[in-house]
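Chains as they are written, first to last, in this note's numbering: chain A, 1 to 305; chain B, 1 to 554. Positions of the beta carbon are idealized from the N, C-alpha and C atoms, including for glycine.
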C-alpha cells in the first residue's frame, strides 16, 4: 500500500506542555483518515506541519514522498486544504474570492465549482464579510474541492453547517472517497468520523493515544443492552442467569449485559419470563471505544468529551 | 520570477480604495498649498519688511551725507575766517616760511638717506612729525592765535600741501600766499571726503563723487565768506553762516534726489511730480538730520568730551535711521523675518516633510500590515499558501505591490505639484520645477524607507497588533519628532525657534530628507537620499527572507 502522508516522531514543543510530541502515523492512498481530540490537543498543529506552514522541531512529515517543509510548494499541486479558521482575503463577494483562488490554482474551468455551489446551495454573490458562519464554511469547501486535488486536508470542515448541510457535505466526502482520493479530516464529532473514515486517530495532550479501525468497530458482533425490571424478584432471578453483566444498578433494578449477536435469541427467551420496564441497546461505537481507552490511559478517568 | 499576478490583483482589489483616497487627498492638499497660497501673495509681509530695511539704509546714507556736507561747509567758512585774521594777513609770508622750513629740512634729510624724495606714506609721516615739532617749538606764539592744537595741525597740513604743490611760492606777497592756502584747503576738503568714503568700503567712483561734492561745497563756502566780508560793516557771525550752510545743503540734497528720479531726457509730468515728492521728502530728512546734529553739539558742548568726540557722536545720532533706533535683537529678528523664504518653509519643511506624508504614512502602515501580518493573523493567508505559490513569491509580490502603489501615488503627486507650480508662474515662482521634483523624490524615498520598515515588521510578526504597534508606532513617533523638531530647526525664524527642540530631529529618519539643502542648491541632500533608499532596500530584503523561514499559524 502506498503511503501518501507519513509522519514520523513529529515533535513541536511550544513549552508549558503545549505542542505535539512524537506523533507518528501514515495514511495510505484512497484512505479517509480522521483526527479526533479536544480543543488544543494538537490536531491543527499536526495539520499545519503537513501543510508546510510550520517547521518540525524533530521528526519528519512527508507527503507523496516529499518533505512537507522543504517542498511545500510542490506538494500543494496535489493538496487541497480547508483551514480550521474561517477568514477570507479582503475581497468583496464570494464569487470574487473563488475566482481569485481559481487563478492562484491555475484553474481554467469553473464547472466543478458551479456544481459544488449548487449542491451546497451557496449564494456566491453574497458579501464575504456579511456571510454567516455556515455560508463561509460552504465557500471554503467549494474553494478546496473545486480543483479536484488528490489529497484533501480538512480541518474541522463541518463547523457551522446545519444538520442537513452536514449530511450533504458528508455525502460529498464519501463521493470523493469513491473517486479514490486520500482524505485527512479532523473533527470533534465522532459520528461524522465514524460515517466517513476508515481509521481515526485520537489525539490527547499532543500525543496520539490510539488509532482505531472504524470498519472493524462497525463489524463487531458484541453488543450491550440495558434492561430494567419492574420488580426486585425478577431482577434478582435474572442476575443468577450467566450473562456478562458490565453494569449493575440495584436501586433501579437495572443491569447492562454484554453479549455476542449469536446469543441474542437466548437472551430474549430468558427475558420473556420476566416483567420488564424497558430494554435498550447501548451502541458500541467510536465514542465509547475512545472513552474506554482514555479512562484507562488518563489517571482519574476524567470525562474529556 | 517570484511574482504572482493573481495575488497582485487580489492586493490591488483589497487596497485600491485606500490608495485612491490617500492619493486624491494628498494631491488636493498640495494643489491648495501651492496655488491658493501662491496667489494670495503671502510674501507681501516679507517684502514690506525688506523694503523697510532697505529704505532705512538709504535714509541713513542721506542723513550722513547731509551732515557731512554741512560740516564741510561750516569748516570751510571757519577756515576762511581764520585766514581773514588781520595779523595773519600781515605776516602770512613769514609765518608760511617758518612753518615750511622744518618740513623742508625733514624732506631733505629723507632724500639724502634714501636716495629719493619721500612719497605716499613716508610723506604723510613726515608731515605729521613736522607739525608736531612745529607746535611744540612755537607754543608761545601759537597761543596768541586762539586756535586748538587740532586746528593748528590741520592748518599746517594745508600749508605743507601748498608747499608740495608749489615749492617755489613767492612768499613776499601775503595775498598770493593766502590765495594759495585757500586753494589747498579746497583740495584738502575733497581729499578728506574721499578718504572717509573709501574707509567706509565705498567704490572709488562713489568716493570720487563725494570728493567733487566736497570741493564744490568748500569753494562755495569760501566764496560766500569772501563776498560777505567785502560788504561794509561786516562782523563775523557763526550763526549766520550755519543758517547759510543748512540752506545750501538741503537744496543740494533736493537737487540730487530730484535728478536721481528723473531718468529720461524728456520726463513725463508724472515722473516730475514723483521726483519732486521724493526730493521734498529728502530735503525734510536732511533738514532734520542737520538740526539733530546741531542740537547734539549744543547739548554736549561743555561736557568732558573733546570737540572731535562730540562731533563724531552728534554725527552718529543725526545719521541714525528707524532701524537703528529699535533694540538690536528685535532688529535682527525682523530682518531675518524679512529674509525668510516662506514658500520654502511651507512647501518644503511643512508640506513635504510633515503634512503631505501623513496620509501616505497611514496608507503604508495599514497596507504593509494587511499584506502579510494581517492575513496571517486572520488566517486568510492559508488560502494563498494552500495553492502552489511559494512563500517567497507571496512576499515578493506583496512587496512589489507596496512599492508600486507608493510609486504610482508619488508620480501623481509629482504631476500635481508640477502643474500647480506651472499655474502660479513656473520657474518664476519661489520654488522652481527642479526643486519641486527633488521634493517629490525625497518624500517618495522617505515613504519608501518607512514602507520597507513596516513591511519588515509585517513579515516578522504573526499578529497584527505587534506589526502595527512596532511598525506603525515607530513611524508615527518619527513623524511626531519631525513636527516637534521643526520648532528647533533653522528654517524657523529665530524669534519662534527653541533650539533645544532640535534634538527631536535626531530621532527621525525624516531628517534625512534635507529640503534646506535642495533649496540652497547644495548637494548634501543626495547622500542622505541614498541612505533612505538603503534603509528601504535592506528592510524589504530582511522582510522577504524572514517571511520565507518562519512558522505560520494557519
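Taking one beta carbon from each stretch, the segment 26–33 of chain B and the segment 242–253 of chain A have fewer than 3 pairs nearer than 8 Å; the two do not touch. For the 8 Å CB-CB criterion, residue 290 of chain B and residue 314 of chain B do not form a contact. Shown here, residue 257 of chain A sits in a strand according to DSSP, grouped into three states.
Take the alpha-carbon of residue 258 of chain A and the one of residue 221 of chain A: they are about 10 Å apart.
Between residue 254 of chain B and residue 282 of chain B, the beta carbon gap of about 7 Å places them in contact (Cβ cut-off 8 Å). DSSP lists A:204 as the bridge partner or partners of residue 207 of chain A. Pairing residue 42 of chain A with residue 473 of chain B, the inter-Cα distance amounts to about 35 Å. Taking 9 Å as the Cβ-Cβ cut-off, the segment 222–243 of chain A has no residue approaching chain B. In this structure, the beta-carbon distance from residue 483 of chain B to residue 354 of chain B falls below 8 Å. The alpha carbon of residue 26 of chain A has as its nearest neighbour, out of A:101, A:77, A:242, A:184, the alpha carbon of A:184. The Cβ-Cβ distance between residue 128 of chain A and residue 94 of chain A falls below 8 Å.
With 16 or more other Cβ atoms from the protein chains shown falling within 10 Å of its own Cβ, residue 214 of chain A counts as buried. Among the residues of the segment 137–148 of chain A, those with a Cβ less than 7 Å away from any Cβ of chain B are 143, in the order of the chain.
Using a Cβ-Cβ distance cut-off of 8 Å, the segment 535–547 of chain B and the segment 439–453 of chain B are in contact, since at least three pairs of beta carbons, one from each stretch, lie closer than that value. Leaving aside the five residues that flank residue 69 of chain A on each side, the residues in its chain whose CB is nearer than 6 Å to its CB run, in chain order, 52, 55. Where residue 60 of chain A is concerned, the enclosing beta strand (DSSP E) starts and stops at 58–63. Not a single CB atom of chain B sits nearer than 8 Å to the CB of residue 204 of chain A. Listed along chain A, the residues sitting closer than 8 Å to residue 389 of chain B by beta-carbon distance are 73, 76, 104. Note that the C-beta distance between residue 388 of chain B and residue 76 of chain A is below 8 Å. Nothing from the segment 402–435 of chain B brings a Cβ to less than 9 Å from some Cβ of chain A. Annotated three-state conformation of residue 79 of chain A is strand, per DSSP. Relative to residue 15 of chain A, the option among A:124, A:206, A:187 whose CA is nearest is A:206. Out of A:260, A:84, A:33, the CA that lies nearest to the CA of residue 39 of chain A is found in A:84. If only complete runs of 4 or more residues are kept, the segment 144–168 of chain B shows the alpha helix (DSSP H) at 149–165, in order along the chain.
Spatial neighbours of residue 57 of chain A in its own chain (CB-CB distance under 7 Å, excluding positions within 5 residues in sequence) are listed in chain order as 11, 12, 13. Ranked by Cα distance from residue 253 of chain A, the options A:18, A:35, A:231 are led by A:231. Annotation for residue 19 of chain A: the continuous beta strand (DSSP E) segment containing it runs 18–28. With contacts defined as CB atoms closer than 8 Å, residue 173 of chain B and residue 89 of chain B fail to qualify as a contacting pair. Per the coordinates, the alpha-carbon of residue 257 of chain B lies some 5 Å from the alpha-carbon of residue 279 of chain B. Shown here, residue 224 of chain A sits in a strand according to DSSP, grouped into three states. Following the DSSP letters along the chain, one finds residue 278 of chain A inside the beta strand (DSSP E) bounded by residues 276–282. Against chain B, the beta carbon of residue 67 of chain A has no neighbour under 9 Å; the closest one sits roughly 15 Å away.
Distance from residue 69 of chain B to residue 217 of chain B at the Cβ level is roughly 6 Å; contact confirmed, criterion being Cβ atoms closer than 8 Å.
The CB of residue 53 of chain A comes closer than 8 Å to the CB of 382, 385, 551, 552, 553, 554 in chain B, given here in chain order. By alpha-carbon distance to residue 349 of chain B, the top candidate from B:170, B:320, B:493 is B:493. Residue pairing for residue 154 of chain A: DSSP places it in a beta bridge opposite A:82, A:185.
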